[in-house]
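Student: Residue numbers are given in our numbering: position 178 of the sequence shown equals residue 237, and the series is strictly consecutive.
Take a look at the following structure, please.
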Amino acid sequence: MEMLVFGHGGAKVLVFPTRDGHFFEYEQLGLVATLADKLQAGHLQLYCIEGLAAESLYGFHRHPADRIRRHAALEDYILNEVLPLMAAKNPHDCTIVHGCSLGAFEAASLAFRHPHLFRKLVAFSGRYDLTMKVESFGDLFDGYYDDSAYFHTPTHFLPGLGSDWRLEKLRSLDIVLTIGDADPFLDNNRYLSRLLAEKNVGHQLHVRGGRAHRAGAWRKMAALYL
């Protein structure tokens, strides 16, 4: 598993790529350059990982159950290898999880499942229910559904949280969601925002003008919210 690290100190940022992106995508899209001043000043340190979307959530050559298992294996890799590596390299007490598009879903799913490991979630242009059909985006699991799909889908498992310890930890998490008002996932973002509000989980939902599912918009968002 390949990874790129940018910066020498400060808050650690775990960065997921988009569906078709790889560990070098964040740099290719100009987002590393956008954050150059913060990186050089030691305010942020980026850990850009490989997403494995073609082997997991978008690996349509596999049965949906196998895709979900592969996604869970990526989560195990992050929990057992990436986060310990980040802690060993940088003792800063703030860890941020961040992603764009599919990376936003992966970041949110990880943060909502393991909120005690993070201080902040920054998610741009995400779809937080991969079974939802909207425009050209279909149900990634082709109608298949199991407990693993449920527990990895934020808008499915959040309503069921009651006195769960995750809920208490979520309330201390700094959550920033962004979406464009012409983006296909706008309603899904608003639904997630309502779910969080119903659970008294503080968060910010920023709705930008136009279609914000693109690198230029993400660069502006990163400058504002990271």
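Virtual Cβ for every residue (Gly too), placed ideally from N, Cα, C.
(1) Within 10 Å of its beta-carbon, does PRO174 have 16 or more other beta-carbons around it, so buried, or fewer, so exposed?
(2) Jot down the residue ranges of each uninterrupted beta strand (DSSP E) in the stretch 219-276, minimum 3 residues, whole runs only, in chain order.
(3) For LYS192, count neighbouring C-beta atoms within 10 Å of its own C-beta (all shown protein chains included) and say buried if the count is 16 or more, exposed if not.
(4) Kindly confirm or deny that the stretch 231-244 and the stretch 142-149 touch, where touching means at least three C-beta pairs closer than 8 angstroms.
(5) For the stretch 200-218 against the stretch 113-129, do three or more pairs of beta-carbon atoms, one drawn from each stretch, fall closer than 8 angstroms, so that the two count as touching?
(6) Go ahead and pull the three-state DSSP assignment for HIS211.
(7) Please classify PHE216: does DSSP put it in a helix, a strand, or coil?
(8) Does the beta-carbon distance from VAL72 to GLN104 come in below 8 angstroms?
(9) May I ask you to report which of helix, strand or coil DSSP gives PHE196?
(10) Any idea if MET280 is buried or exposed, counting beta-carbon neighbours within 10 angstroms, 16 or more meaning buried?
(11) How many Å lie between ARG172 and THR190 at the Cα?
(12) Along the beta strand (DSSP E) that carries LEU285, what are the first and last residues, could you check?
(13) With 16 other CB atoms within 10 Å as the buried threshold, where does TYR209 fall?
(14) Check HIS151 in the structure and name its three-state DSSP category.
(15) Cutting at 6 angstroms between CB atoms, please list the residues of its own chain near HIS211, excluding the five before and the five after it.
(16) Leaving out the 5 sequence neighbours to the left and right, which residues in its chain are closer than 7 angstroms to LYS228 when beta-carbon positions are compared?
(17) From the DSSP output, which residues share a beta bridge with VAL181?
(18) Tell me whether GLU109 is buried or exposed, calling it buried when 16 or more other Cβ atoms sit within 10 Å of its Cβ.
(19) Can you give me the start and stop residues for the alpha helix (DSSP H) that TYR136 sits inside?
(20) By DSSP, does PHE164 sit in helix, in strand, or in coil?
(21) For the alpha helix (DSSP H) containing TYR85, name the first residue and the last one.
(22) Measuring alpha carbon to alpha carbon, tell me which of TYR250, LYS179, VAL74 and ALA112 ends up nearest ASP188.
Tutor: Taking the coordinates as given:
(1) Stepping through the sequence shown from its first residue, residue 174 is reached at position 115. Buried: at least 16 other Cβ atoms inside 10 Å.
(2) Secondary structure remark: continuous beta strand (DSSP E) runs of at least 3 residues inside the stretch 219-276, in chain order: 233-239 and 263-267.
(3) Along the sequence shown, read from residue 1 onward, the residue named residue 192 stands at position 133. When all chains shown are included, LYS192 counts as exposed.
(4) No contact exists between the stretch 231-244 and the stretch 142-149.
(5) The stretch 200-218, when compared against the stretch 113-129, does touch it at the 8 angstroms Cβ threshold.
(6) What you label residue 211 is simply residue 152 of the sequence shown in a count that begins at 1. Secondary structure of HIS211 (DSSP, three-state): coil.
(7) Numbered from 1 along the sequence shown, position 157 holds the residue referred to as residue 216. Per DSSP, reduced to three states, the secondary structure at PHE216 is helical.
(8) Here residue 72 is taken as the residue at index 13 of the sequence shown, counted from 1. Here residue 104 is taken as the residue at index 45 of the sequence shown, counted from 1. Contact flag set, yes.
(9) By one-based count along the sequence shown, residue 196 stands at place 137. Shown here, PHE196 sits in a strand according to DSSP, grouped into three states.
(10) In the sequence shown, counting from the first residue as 1, residue 280 sits at position 221. Here MET280 is buried, its C-beta having at least 16 other C-beta atoms within 10 Å.
(11) As a working mapping, residue 172 is identified with position 113 in the sequence shown. As a working mapping, residue 190 is identified with position 131 in the sequence shown. One C-alpha to the other measures close to 18 angstroms.
(12) For the purposes of this step, residue 285 is taken as residue 226 along the sequence shown, with counting starting at 1. Unbroken run through LEU285: none, as it is neither H nor E.
(13) Translated into positions along the sequence shown, residue 209 becomes position 150. Of the other Cβ atoms in all chains shown, fewer than 16 fall within 10 Å of the Cβ of TYR209; this residue is therefore exposed.
(14) The sequence position of residue 151 within the sequence shown is 92, counting from 1. The answer is coil: DSSP assigns HIS151 none of H, G, I, E or B.
(15) Residue numbering aside, residue 211 sits at position 152 when the sequence shown is read from its first letter. Around HIS211: SER168.
(16) What you label residue 228 is simply residue 169 of the sequence shown in a count that begins at 1. Only PRO174 and HIS175 meet the Cβ criterion.
(17) Within the sequence shown, numbered from 1, the residue matching residue 181 stands at position 122. The beta-bridge partner set that DSSP reports for VAL181 consists of HIS157 and VAL235.
(18) The sequence position of residue 109 within the sequence shown is 50, counting from 1. GLU109 is buried by the Cβ-count criterion.
(19) The residue you call residue 136 lines up with position 77 of the sequence shown. For TYR136, the enclosing alpha helix (DSSP H) starts and ends at 123-136.
(20) As a working mapping, residue 164 is identified with position 105 in the sequence shown. Secondary structure at PHE164: helix, using DSSP grouped into helix, strand and coil.
(21) Taking the first residue of the sequence shown as 1, we reach residue 85 at position 26. First-last of the alpha helix (DSSP H) with TYR85: 84-87.
(22) For the purposes of this step, residue 188 is taken as residue 129 along the sequence shown, with counting starting at 1. Closest in alpha carbon position to ASP188, among TYR250, LYS179, VAL74 and ALA112, is TYR250.
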